[in-house]
Amino acid sequence: MIQVDLTSMAIDARGLPVVLLKPSVPREDLKVFLPIWIGGQEATAIMVALEGAVLARPMSYDLMSRLLEAMDATVDRVAVTRLEAGTFYAEITLGTAEGPKVIDARPSDSIALALRVGAPIFVAEEVLREAGIHEGELSEAEEEAQVEQFSEFLDTVDPDDFRG
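To convert a position in the sequence shown, counted from 1, into the numbering used here, add 8.
Rendered as structure tokens:
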């Protein structure tokens, strides 16, 4: 497993949100970004966490972190473990009094929760090698355009749209 950082979020050419993960420690043999496409609600939750915004009412990921805290459990780490037929799979490892518990999860949910609680994010090396985009393939201009497009998307999102 390779620890990664969420380096940016963008909107692809189809208008879909995507997170870009990159190894935390640079490696000559692994200069890649891992793009993972996510839903609009998850993108909003990730941006709220990145910005440290405090909403009037808790989002689902706030609720999850509060439930875990109430149960004396911690999120030790999240990991994108595999890629099958174009779908990424992830796991959340919880620390509990009974020992670690591993829970199957979507990468977008795992990342949103990890950002909320400050847990590290990992990706299996084989996933980075299989699905990663080499750094040179994503030009700075493309990245800036995608970030701008994503910012415009976020300007139209209302947190009330996600209240239950």
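Don't be surprised by glycine CBs; every beta carbon is placed ideally from N, CA and C.
Since this is a predicted model, take the numbers as computed values, not measurements.
query	result
Rounded to whole angstroms, what's the CA-CA distance from Ser68 to Glu59? Just pull it up for me.	17 angstroms
I think Ile100 touches Leu14, with their Cβ atoms under 8 angstroms apart; what is that distance to the nearest whole Å?	So it is not a contact: roughly 16 angstroms between Cβ atoms.
With a 10 Å radius around its C-beta and 16 neighbouring C-beta atoms as the bar for buried, classify Lys39 as buried or exposed.	exposed
Where Ala51 and Pro43 are concerned, what is the direct C-alpha to C-alpha distance, given to the nearest angstrom?	13 angstroms
From Gly23 to Gly48, what distance separates their C-alpha atoms?	10 angstroms
Taking the beta strand (DSSP E) that Pro43 belongs to, which residues open and close that run?	Val40 to Trp45
Using the Cα positions of Leu133 and Leu29, report the straight-line distance between them to the nearest angstrom.	What sits at residue 133 in the sequence shown is Glu, not Leu. When rounded, the distance between both Cα atoms is 12 angstroms.
Beta-carbon within less than 7 angstroms of Glu138's beta-carbon, same chain only, minus the 5 sequence neighbours each way: which residues are those?	Leu91
Give the DSSP bridge partners of Ala105, in chain order.	Note: Ala105 sits in no beta bridge, so no partner.
Following the continuous beta strand (DSSP E) through Pro25, name the residue where it begins and the one where it ends.	Pro25 to Pro31
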